[in-house]
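*Asks:*
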(Lines of atoms letter the chains of each structure in order from A and count residues from 1; the text may use other names and numbers.)
(Lines give C-alpha, C1' and ligand atoms only; values in the text may rest on other atoms or scores of the structure.)
Protein backbone atom coordinates (compact mmCIF):
# COMPACT_ATOMS: atom_id res chain seq x y z
CA UNK A 1 0.00 0.00 0.00
CA UNK A 2 1.09 3.59 -0.75
CA UNK A 3 3.81 2.27 -3.05
CA UNK A 4 2.57 2.92 -6.60
CA UNK A 5 4.70 5.23 -8.71
CA UNK A 6 3.22 8.33 -10.30
CA UNK A 7 3.07 8.38 -14.10
CA UNK A 8 1.17 10.41 -16.69
CA UNK A 9 -1.35 7.57 -16.98
CA UNK A 10 -1.56 7.03 -13.21
CA UNK A 11 -1.57 10.47 -11.60
CA UNK A 12 -2.09 11.35 -7.99
CA UNK A 13 -4.09 14.27 -6.60
CA UNK A 14 -3.47 17.04 -4.08
CA UNK A 15 -6.17 19.10 -2.38
CA UNK A 16 -5.08 22.07 -0.26
CA UNK A 17 -7.81 23.43 2.03
CA UNK A 18 -7.16 26.96 3.31
CA UNK A 19 -9.02 28.63 6.15
CA UNK A 20 -9.62 32.21 4.97
CA UNK A 21 -11.80 33.30 7.89
CA UNK A 22 -11.48 36.66 9.63
CA UNK A 23 -9.02 35.38 12.25
CA UNK A 24 -6.44 34.80 9.50
CA UNK A 25 -5.93 38.57 9.49
CA UNK A 26 -3.81 38.23 12.63
CA UNK A 27 -0.21 39.36 12.22
CA UNK A 28 2.58 36.80 12.80
CA UNK A 29 6.27 36.36 11.98
CA UNK A 30 7.44 34.23 9.03
CA UNK A 31 11.14 33.96 9.80
CA UNK A 32 12.14 37.60 10.26
CA UNK A 33 9.27 38.97 8.16
CA UNK A 34 5.97 40.14 9.61
CA UNK A 35 2.80 39.31 7.68
CA UNK A 36 -0.75 38.18 8.29
CA UNK A 37 -1.54 34.49 8.66
CA UNK A 38 -3.49 34.73 5.39
CA UNK A 39 -0.45 36.14 3.58
CA UNK A 40 1.88 33.53 5.05
CA UNK A 41 -0.34 30.57 4.19
CA UNK A 42 -0.84 31.89 0.65
CA UNK A 43 2.94 32.23 0.29
CA UNK A 44 3.53 28.66 1.53
CA UNK A 45 0.80 27.26 -0.74
CA UNK A 46 2.08 29.21 -3.76
CA UNK A 47 5.60 27.91 -3.17
CA UNK A 48 4.23 24.37 -2.95
CA UNK A 49 2.34 24.76 -6.24
CA UNK A 50 5.48 26.14 -7.92
CA UNK A 51 7.37 23.08 -6.66
CA UNK A 52 4.73 20.70 -8.04
CA UNK A 53 4.98 22.40 -11.45
CA UNK A 54 8.79 22.21 -11.28
CA UNK A 55 8.64 18.47 -10.56
CA UNK A 56 6.44 18.05 -13.61
CA UNK A 57 9.02 19.51 -16.03
CA UNK A 58 10.75 17.13 -18.39
CA UNK A 59 12.69 17.63 -21.60
CA UNK A 60 9.48 17.44 -23.59
CA UNK A 61 7.69 20.05 -21.51
CA UNK A 62 5.24 19.80 -18.62
CA UNK A 63 3.95 16.31 -17.81
CA UNK A 64 0.70 16.08 -15.89
CA UNK A 65 1.63 13.73 -13.06
CA UNK A 66 -0.72 15.52 -10.70
CA UNK A 67 -4.24 16.83 -10.38
CA UNK A 68 -4.21 19.85 -8.08
CA UNK A 69 -6.99 21.67 -6.24
CA UNK A 70 -7.02 24.47 -3.69
CA UNK A 71 -10.19 25.15 -1.72
CA UNK A 72 -10.78 28.28 0.34
CA UNK A 73 -13.40 28.51 3.07
CA UNK A 74 -14.55 31.66 4.86
CA UNK A 75 -17.57 33.83 5.53
CA UNK A 76 -18.02 33.91 1.75
CA UNK A 77 -18.54 30.13 1.63
CA UNK A 78 -16.42 27.42 -0.01
CA UNK A 79 -14.74 28.13 -3.35
CA UNK A 80 -11.96 27.10 -5.70
CA UNK A 81 -8.77 29.12 -5.43
CA UNK A 82 -7.06 27.93 -8.61
CA UNK A 83 -9.19 27.31 -11.67
CA UNK A 84 -12.69 28.68 -11.43
CA UNK A 85 -15.35 26.00 -11.16
CA UNK A 86 -13.04 23.14 -12.13
CA UNK A 87 -12.56 20.66 -9.29
CA UNK A 88 -8.96 19.94 -10.25
CA UNK A 89 -6.42 21.53 -12.53
CA UNK A 90 -3.09 20.25 -13.87
CA UNK A 91 0.51 21.56 -13.92
CA UNK A 92 0.40 22.12 -17.70
CA UNK A 93 -2.70 24.34 -17.40
CA UNK A 94 -1.13 26.35 -14.60
CA UNK A 95 2.22 26.70 -16.39
CA UNK A 96 0.43 28.09 -19.47
CA UNK A 97 -1.29 30.84 -17.48
CA UNK A 98 -0.08 34.35 -16.94
CA UNK A 99 0.02 34.93 -13.21
CA UNK A 100 0.97 37.90 -11.08
CA UNK A 101 4.28 37.59 -9.25
CA UNK A 102 5.11 38.75 -5.75
CA UNK A 103 8.55 39.65 -4.42
CA UNK A 104 9.94 39.39 -0.90
CA UNK A 105 13.31 39.95 0.74
CA UNK A 106 14.88 36.84 2.24
CA UNK A 107 17.84 36.70 4.60
CA UNK A 108 20.32 33.93 3.70
CA UNK A 109 23.17 32.92 5.99
CA UNK A 110 26.44 31.97 4.28
CA UNK A 111 28.76 29.21 5.63
CA UNK A 112 30.97 31.87 7.24
CA UNK A 113 27.97 33.25 9.15
CA UNK A 114 27.55 36.36 7.02
CA UNK A 115 23.97 37.27 6.22
CA UNK A 116 22.94 38.56 2.80
CA UNK A 117 19.60 39.84 1.56
CA UNK A 118 18.18 38.40 -1.65
CA UNK A 119 14.96 39.05 -3.53
CA UNK A 120 12.77 36.00 -4.17
CA UNK A 121 9.89 36.00 -6.63
CA UNK A 122 6.85 33.75 -6.31
CA UNK A 123 3.85 33.16 -8.53
CA UNK A 124 0.73 34.41 -6.75
CA UNK A 125 -1.56 31.49 -7.61
CA UNK A 126 -3.53 32.04 -4.42
CA UNK A 127 -4.40 35.46 -3.01
CA UNK A 128 -4.52 36.04 0.77
CA UNK A 129 -8.01 36.54 2.14
CA UNK A 130 -9.56 36.78 5.61
CA UNK A 131 -13.28 37.33 6.12
CA UNK A 132 -16.07 36.07 8.35
CA UNK A 133 -16.63 32.60 9.77
CA UNK A 134 -15.07 29.17 9.25
CA UNK A 135 -17.37 26.75 7.34
CA UNK A 136 -15.00 23.80 7.78
CA UNK A 137 -17.72 21.14 7.63
CA UNK A 138 -18.95 22.52 4.31
CA UNK A 139 -15.36 22.54 3.02
CA UNK A 140 -14.78 18.93 4.06
CA UNK A 141 -18.08 17.99 2.40
CA UNK A 142 -16.87 19.55 -0.85
CA UNK A 143 -13.57 17.69 -0.57
CA UNK A 144 -15.39 14.39 0.02
CA UNK A 145 -17.30 14.97 -3.20
CA UNK A 146 -14.10 15.79 -5.09
CA UNK A 147 -11.91 12.90 -3.94
CA UNK A 148 -14.78 10.41 -4.31
CA UNK A 149 -15.32 11.44 -7.93
CA UNK A 150 -11.55 11.34 -8.58
CA UNK A 151 -11.13 7.83 -7.16
CA UNK A 152 -14.16 6.52 -9.09
CA UNK A 153 -12.49 7.27 -12.42
CA UNK A 154 -11.21 4.11 -14.08
CA UNK A 155 -7.93 5.83 -14.97
CA UNK A 156 -7.28 6.53 -11.26
CA UNK A 157 -8.26 3.13 -9.87
CA UNK A 158 -4.64 2.00 -9.35
CA UNK A 159 -3.13 5.43 -8.64
CA UNK A 160 -1.41 6.64 -5.49
CA UNK A 161 -4.39 7.97 -3.50
CA UNK A 162 -5.18 11.68 -3.09
CA UNK A 163 -3.56 13.76 -0.36
CA UNK A 164 -5.69 16.38 1.41
CA UNK A 165 -3.98 19.09 3.49
CA UNK A 166 -6.19 21.32 5.66
CA UNK A 167 -4.57 24.52 6.99
CA UNK A 168 -6.51 26.37 9.67
CA UNK A 169 -6.06 28.51 12.77
CA UNK A 170 -9.18 27.42 14.64
CA UNK A 171 -12.36 25.42 14.88
CA UNK A 172 -15.12 25.30 12.32
CA UNK A 173 -18.11 27.57 12.86
CA UNK A 174 -20.69 25.41 11.05
CA UNK A 175 -20.53 22.07 12.90
CA UNK A 176 -19.50 20.50 16.20
CA UNK A 177 -16.64 18.06 16.66
CA UNK A 178 -18.74 14.96 16.12
CA UNK A 179 -19.95 16.14 12.73
CA UNK A 180 -16.37 16.99 11.74
CA UNK A 181 -15.28 13.50 12.85
CA UNK A 182 -18.06 11.95 10.77
CA UNK A 183 -17.32 13.81 7.53
CA UNK A 184 -13.55 13.31 7.78
CA UNK A 185 -14.01 9.60 8.53
CA UNK A 186 -15.90 9.36 5.25
CA UNK A 187 -13.08 11.16 3.42
CA UNK A 188 -10.54 8.69 4.83
CA UNK A 189 -12.55 5.68 3.62
CA UNK A 190 -12.29 6.84 -0.01
CA UNK A 191 -9.54 4.86 -1.70
CA UNK A 192 -7.77 3.51 -4.74
CA UNK A 193 -6.21 0.06 -4.93
CA UNK A 194 -3.02 1.58 -3.47
CA UNK A 195 -4.54 2.97 -0.28
CA UNK A 196 -6.99 5.34 1.35
CA UNK A 197 -7.05 9.12 0.99
CA UNK A 198 -4.48 10.76 3.28
CA UNK A 199 -5.77 13.65 5.39
CA UNK A 200 -3.32 16.10 7.00
CA UNK A 201 -4.53 18.81 9.40
CA UNK A 202 -2.29 21.77 10.21
CA UNK A 203 -3.25 24.12 13.06
CA UNK A 204 -1.53 27.49 12.74
CA UNK A 205 -0.63 29.27 15.97
CA UNK A 206 -1.32 32.90 16.75
CA UNK A 207 1.30 35.25 18.11
CA UNK A 208 -0.04 34.79 21.64
CA UNK A 209 0.46 31.00 21.25
CA UNK A 210 3.98 31.20 19.83
CA UNK A 211 5.64 30.57 23.20
CA UNK A 212 3.90 27.19 23.44
CA UNK A 213 5.68 24.26 21.76
CA UNK A 214 4.65 23.12 18.31
CA UNK A 215 3.61 19.49 17.98
CA UNK A 216 4.46 18.03 14.59
CA UNK A 217 3.34 14.58 13.48
CA UNK A 218 2.65 13.21 16.98
CA UNK A 219 3.31 9.54 17.69
CA UNK A 220 0.75 9.52 20.47
CA UNK A 221 -2.14 11.63 21.73
CA UNK A 222 -0.18 12.29 24.95
CA UNK A 223 2.19 14.62 23.04
CA UNK A 224 -0.64 17.10 22.54
CA UNK A 225 -1.86 19.70 25.05
CA UNK A 226 -5.03 18.81 26.94
CA UNK A 227 -7.28 20.80 24.63
CA UNK A 228 -10.43 19.60 22.92
CA UNK A 229 -9.49 20.99 19.52
CA UNK A 230 -6.03 19.41 19.59
CA UNK A 231 -7.65 16.04 20.31
CA UNK A 232 -10.14 16.57 17.48
CA UNK A 233 -7.38 17.22 14.94
CA UNK A 234 -5.56 14.11 16.13
CA UNK A 235 -8.68 11.99 15.71
CA UNK A 236 -9.52 13.18 12.20
CA UNK A 237 -6.00 12.98 10.74
CA UNK A 238 -4.57 9.98 8.88
CA UNK A 239 -1.86 7.69 10.15
CA UNK A 240 1.16 8.28 7.93
CA UNK A 241 2.47 5.53 5.63
CA UNK A 242 5.94 4.16 6.33
CA UNK A 243 7.46 5.88 3.28
CA UNK A 244 7.10 9.25 5.05
CA UNK A 245 8.78 8.18 8.31
CA UNK A 246 12.41 9.24 7.58
CA UNK A 247 11.43 12.78 6.58
CA UNK A 248 9.01 13.15 9.47
CA UNK A 249 11.62 11.92 11.96
CA UNK A 250 14.10 14.46 10.57
CA UNK A 251 11.68 17.39 10.94
CA UNK A 252 10.38 16.49 14.38
CA UNK A 253 13.71 15.23 15.74
CA UNK A 254 12.98 11.53 16.16
CA UNK A 255 10.04 9.76 17.71
CA UNK A 256 8.72 6.28 17.19
CA UNK A 257 6.31 5.77 14.28
CA UNK A 258 3.56 5.48 13.31
CA UNK A 259 3.00 9.22 13.07
CA UNK A 260 -0.24 11.12 12.73
CA UNK A 261 -0.57 13.50 9.74
CA UNK A 262 -1.20 16.61 11.81
CA UNK A 263 0.43 19.51 13.60
CA UNK A 264 -0.80 21.68 16.42
CA UNK A 265 0.30 25.23 17.20
CA UNK A 266 2.68 25.24 14.25
CA UNK A 267 4.40 28.22 12.67
CA UNK A 268 4.26 29.33 9.05
CA UNK A 269 7.68 27.71 8.53
CA UNK A 270 6.29 24.42 9.88
CA UNK A 271 3.45 24.61 7.34
CA UNK A 272 5.97 24.94 4.50
CA UNK A 273 7.74 21.80 5.82
CA UNK A 274 4.49 19.85 6.05
CA UNK A 275 3.42 20.80 2.53
CA UNK A 276 6.77 19.52 1.31
CA UNK A 277 6.41 16.23 3.20
CA UNK A 278 2.98 15.84 1.66
CA UNK A 279 4.58 15.28 -1.73
CA UNK A 280 8.26 14.34 -1.63
CA UNK A 281 7.81 10.70 -0.62
CA UNK A 282 5.98 9.85 -3.81
CA UNK A 283 7.93 8.26 -6.67
CA UNK A 284 7.49 10.01 -10.00
CA UNK A 285 8.37 8.05 -13.14
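Residue numbers (our numbering): 47 to 331.
Virtual Cβ for every residue (Gly too), placed ideally from N, Cα, C.
Here the structure is a predicted model, which means the values were calculated and not measured.
How many angstroms separate the CA atom of residue 262 from the CA atom of residue 139?
*Replies:* The residue labelled residue 262 in the question sits at position 216 within the chain shown. The residue labelled residue 139 in the question sits at position 93 within the chain shown. When rounded, the distance between both Cα atoms is 33 Å.
*Asks:* What are the complete beta strand (DSSP E) segments, minimum 3 residues, inside the region 55-140?
*Replies:* Runs of the beta strand (DSSP E) inside the region 55-140: 58-65, 73-76, 79-82, 112-120, 123-126.
*Asks:* Can we say the region 79-88 touches the region 96-106, given the rule of at least three CB pairs closer than 8 Å?
*Replies:* Too few Cβ pairs lie closer than 8 Å, so no.
*Asks:* Checking the sheet assignment: what are the DSSP bridge partners for residue 213?
*Replies:* Within the chain shown, the letter at position 167 stands for residue 213. Per DSSP, 64, 248.
*Asks:* Does the count of Cβ pairs from the region 89-98 and the region 231-245 closer than 8 Å reach three?
*Replies:* Result no; under three Cβ-Cβ pairs closer than 8 Å.
*Asks:* Among all the DSSP beta bridges, which residues are the ones paired with residue 306?
*Replies:* If you number the chain shown from 1, residue 306 lands on position 260. Note: residue 306 sits in a beta bridge opposite 285.
*Asks:* Indicate the three-state DSSP secondary structure (helix, strand or coil) for residue 320 in the structure shown.
*Replies:* Translated into positions along the chain shown, residue 320 becomes position 274. Correct three-state label for residue 320: helix.
*Asks:* What span of residues does the alpha helix (DSSP H) with residue 294 cover, start to end?
*Replies:* Stepping through the chain shown from its first residue, residue 294 is reached at position 248. Taken as a continuous stretch (DSSP letters only), the alpha helix (DSSP H) holding residue 294 covers 291-298.
*Asks:* Would you check if there are 3 or more beta carbon pairs closer than 8 Å linking the region 272-286 to the region 303-312?
*Replies:* Yes, the region 272-286 is in contact with the region 303-312.
*Asks:* Is the beta carbon of residue 111 less than 7 Å from the beta carbon of residue 57?
*Replies:* In the chain shown, residue 111 corresponds to position 65, counting from 1. In the chain shown, residue 57 corresponds to position 11, counting from 1. A contact, by the Cβ cut-off of 7 Å.
*Asks:* According to DSSP, what are the bridge partners of residue 190?
*Replies:* As a working mapping, residue 190 is identified with position 144 in the chain shown. Looking at the DSSP assignment, residue 190 forms no beta bridge with any residue, so it has no partner.
*Asks:* Going by DSSP, what residues sit across from residue 243 in a beta bridge?
*Replies:* Taking the chain shown and counting its residues from 1, the one referred to as residue 243 is at position 197. Answer is none; residue 243 lacks a bridge partner.
*Asks:* Start and end of the alpha helix (DSSP H) containing residue 234?
*Replies:* Taking the first residue of the chain shown as 1, we reach residue 234 at position 188. From DSSP, the alpha helix (DSSP H) with residue 234 extends over 223-235.
*Asks:* In terms of alpha-carbon separation, which member of 187, 62, 205 lies closest to residue 225?
*Replies:* Mapped onto the chain shown, residue 225 falls at position 179. Of the listed residues, the one whose Cα sits closest to residue 225 is 187.
*Asks:* Could you have a look at residue 279 and say whether DSSP puts it in helix, strand or coil?
*Replies:* The residue given as residue 279 occupies position 233 in the chain shown. Of the three classes helix, strand and coil, the one that applies to residue 279 here is helix, per DSSP.
*Asks:* If we count Cβ pairs, one from each stretch, closer than 8 Å, do we get three or more for the region 65-83 versus the region 227-236?
*Replies:* Short answer: they don't touch.
*Asks:* Mind checking who residue 169 pairs with in its DSSP beta bridge?
*Replies:* As a working mapping, residue 169 is identified with position 123 in the chain shown. DSSP lists 147 as partners of residue 169.
*Asks:* Sort 317, 269, 125, 243 by Cα distance to residue 182 and report the nearest one.
*Replies:* By one-based count along the chain shown, residue 182 stands at place 136. If we check each option's Cα against that of residue 182, 125 comes out closest.
*Asks:* Going by DSSP in three states, residue 265 sits in which element: helix, strand or coil?
*Replies:* Translated into positions along the chain shown, residue 265 becomes position 219. Three-state DSSP puts residue 265 in coil, outside helix and strand.
*Asks:* Can you tell me which of 320, 281, 280, 315 puts its alpha carbon nearest to the alpha carbon of residue 295?
*Replies:* Mapped onto the chain shown, residue 295 falls at position 249. Nearest of 320, 281, 280, 315 to residue 295, Cα basis: 320.
*Asks:* Which residue's Cα is closest to the Cα of residue 303: 145, 97, 266, 297?
*Replies:* In the chain shown, the residue the question calls residue 303 occupies position 257. Considering only alpha carbons, the answer is 266.
*Asks:* Looking at C-beta atoms only, is the number of pairs between the region 139-148 and the region 191-208 that lie closer than 8 Å three or more?
*Replies:* No: fewer than three Cβ pairs fall under 8 Å.
*Asks:* One question on the structure: do residue 177 and residue 61 come within less than 7 Å of each other, judged by their Cβ atoms?
*Replies:* As a working note, residue 177 is residue 131 in the chain shown. As a working note, residue 61 is residue 15 in the chain shown. No, the Cβ-Cβ distance between residue 177 and residue 61 is not below 7 Å.
*Asks:* Alpha carbon to alpha carbon, what distance is there between residue 67 and residue 122?
*Replies:* The sequence position of residue 122 within the chain shown is 76, counting from 1. The sequence position of residue 67 within the chain shown is 21, counting from 1. Using only the alpha carbons, I get a separation of about 9 Å.
*Asks:* What does the Cβ neighbour count give for residue 162, buried or exposed, with the cut at 16 atoms within 10 Å?
*Replies:* The residue given as residue 162 occupies position 116 in the chain shown. Counting Cβ neighbours within 10 Å, residue 162 comes out exposed, since fewer than 16 surround it.
*Asks:* How many Å lie between residue 53 and residue 113 at the Cα?
*Replies:* As a first step, residue 53 is located in the chain shown; it is residue number 7 there, counting from the start. As a first step, residue 113 is located in the chain shown; it is residue number 67 there, counting from the start. So the alpha carbons of these two residues sit roughly 12 Å apart.
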